[in-house]
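The block underneath contains the structure these notes are about, expressed in structure tokens.
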Amino acid sequence: METKAPRITHAERMIDAASGVTKGDLATYYATVAPLIIPHLKGRPVALVRAPEGVGGELFFQKHAQHSDIAGIKLLDPALDPGHEPLLQIDTAQALIGAAQYNTIELHTWNATSRALGKPDRMTFDLDPGEGVDWQQIQEAALLVHVLLDELGLPSFLKTSGGKGLHVVVPLRRELGWDEVRGFSRAIVEHLARIVPDRFVAKSGPRNRVGKIFADYLRNGFGATTASAWSARARPGMGVSVPLAWEELPDLGSAAHWTVATIAERVSVGNTPWDAMESSRTGLRAAMEMLGYMPS
10 METKAPRITH
20 AERMIDAASG
30 VTKGDLATYY
40 ATVAPLIIPH
50 LKGRPVALVR
60 APEGVGGELF
70 FQKHAQHSDI
80 AGIKLLDPAL
90 DPGHEPLLQI
100 DTAQALIGAA
110 QYNTIELHTW
120 NATSRALGKP
130 DRMTFDLDPG
140 EGVDWQQIQE
150 AALLVHVLLD
160 ELGLPSFLKT
170 SGGKGLHVVV
180 PLRRELGWDE
190 VRGFSRAIVE
200 HLARIVPDRF
210 VAKSGPRNRV
220 GKIFADYLRN
230 GFGATTASAW
240 SARARPGMGV
250 SVPLAWEELP
260 DLGSAAHWTV
270 ATIAERVSVG
280 NTPWDAMESS
290 RTGLRAAMEM
300 LGYMPS
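Numbering-wise (the working numbering), the sequence shown opens with residue 10 and increments by one.
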């Protein structure tokens with residue numbers, strides 16, 4: 010028996026003046042892409058970016074239950090994140106639409122599943138452009154990251170961020186802990202900053218990356234999250250994070266190439282560009298040795 014989807018109240022309320030998207034439009038978007046986004050959310054802790062006042066208003070980043078009563082959402086064992094309210098998990102379309110009813114725009118996931126929270130199953134690089142970096146430079150930076158990862162024997166997958174940059178994801182076998190994965194991701198970014206210093210910087214912060222790109226490795230620590238594939242973004246225009254084939258990168262117009270309003274043309278492609286994700290999982294030890302990295 011199917012559970013009835015939550016009713017959307019104030020569906021007419023404007024969320025984004027730039028695109029004209031209403032709360033009802035966003036709920037319809039998530040209902041449409043539910044079969045595509047649920048595989049990325051299912052079985053993982055999720056953080057919600059809620060925007061009660063819409064894009065441009067105050068945003069609330071919610072990782073824990075905090076007494077919210079979202080229809081269908083799963084509350085995880087508090088022992089997974091001691092000292093906090095339970096982490097959240099969205100496994101169904103009902104919970105997804107329930108989150109939209111609670112003014113959620115963005116959905117961010119951990120780099121590990123709830124059942125094996127101590128061992129990440131992916132490594133993520135968020136290519137975050139500084140002031141003065143144009144789109145072509147971001148495209149070229151993504152290709153440079155792709156080439157380096159290939160040389161290290163690490164398969165990588167690409168998606169738009171829906172915001173300003175691109176996300177590169179390396180699927181991992183569950184062998185190492187958070188500190189090892191985060192430490193090695195930092196070593197990769199520092200290597201990039203050494204060999205291509207005019208393009209990359211290894212320090213976060215706007216002043217450090219003027220004219221350059223910070224390949225954000227901080228997304229690989231315990232509790233860190235990244236916008237899920239098919240998540241809308243709480244930015245003017247409401248871009249969407251969409252899985253890509255590397256061959257599509259040159260024809261991409263921006264990190265928000267697809268938006269909530271224009272996503273229909275992409276739905277038929279779906280998650281196909283990431284079909285090989287599961288079969289591509291690899292360990293990091295050989296790559297660590299090749300880069301000369303010794304875990305501390």
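Ideal placement from N, C-alpha and C gives every residue a C-beta, glycine not left out.
CB contact check: residue i to chain D, cutoff 8 Å
i	result
R228	In the displayed structure, chain D is absent; only one protein chain is listed.
Rounded Cβ spacing between residue i and residue j (contact assumed at less than 8 Å)
i	j	result
L136	A224	6 Å
T118	H266	With a Cβ gap of about 21 Å, T118 and H266 do not count as contacting.
M247	V30	5 Å
L181	R131	6 Å
R53	A125	At roughly 10 Å, the Cβ-Cβ gap does not stay under 8 Å, so R53 and A125 are not in contact.
L307	L161	Residue 307 lies beyond the stretch modelled for the chain, which goes from 10 to 305, so this question has no answer here.
A243	S28	Not confirmed; about 12 Å, so no contact.
V190	A202	No, V190 and A202 are not in contact; Cβ-Cβ is about 19 Å, not under 8 Å.
V177	A196	Not really, about 15 Å apart at Cβ, beyond 8 Å.
N280	T133	In fact, because the Cβ distance is near 17 Å, the residues do not count as touching under 8 Å.
F166	W283	5 Å
Neighbour-count burial assignment, residue i, 16 or more Cβ in a 10 Å radius
i	result
G309	In the structure displayed, the chain extends from 10 to 305; residue 309 sits before or after that span and is not available.
D207	exposed
D34	buried
K222	It should be noted that the sequence gives Ile, not Lys, for residue 222. With 16 or more Cβ atoms within 10 Å of its Cβ, I222 is classed as buried.
I46	buried
E115	buried
V219	exposed
S250	buried
F193	buried
E21	exposed
A254	exposed
The ligand COA heavy atom lying under 7 Å from the CB of residue i
i	result
Q145	As far as ligands go, the structure on display features none, and thus does not contain the ligand COA.
Contacts around residue i, its chain only, beta-carbon distance under 8 Å, and the 5 residues preceding and following it disregarded
i	result
H73	D90, H93, E94, P95, L96, L97
E274	W267
G127	A121, G186, W187
P164	L158, V179, P180, A285, S289, T291
G174	D135, L136, D137, P138, I147, I222, A264
K83	L97, Q98, I99, D100, A104
6 Å CB neighbourhood of residue i in its chain, flanking five on each side removed
i	result
I79	G107, A108, Y111
D25	V64, M247
T113	L57, R59
Beta-carbon proximity list for residue i, same chain, < 7 Å, skipping 5 on both sides
i	result
A296	L161, G162, L163
Open item on the list: Within 8 Å, do at least three Cβ pairs link the stretch 200–216 to the stretch 229–239?
Closed with: Contact fails: fewer than three Cβ-Cβ distances are below 8 Å.
- [ ] Give, in chain order, every unbroken run of the beta strand (DSSP E) that is at least 3 residues long and sits entirely within the stretch 40–88.
- [x] 55–59, 69–71
Open item on the list: Please give the ranges of any beta strand (DSSP E) in the stretch 101–125, keeping only runs that are unbroken, at least 3 residues long and fully inside the region.
Closed with: Listed in chain order, they are 113–118.
Task: Secondary structure, beta strand (DSSP E): runs of 3+ residues fully inside the stretch 181–246 - done: 222–225
Open item on the list: Under 8 Å: do the stretch 147–159 and the stretch 119–129 share three or more Cβ pairs, one atom per stretch?
Closed with: no
- [ ] Run through the stretch 254–290 for me and flag every whole alpha helix (DSSP H) of 4 or more residues, listed as ranges in chain order.
- [x] 273–276
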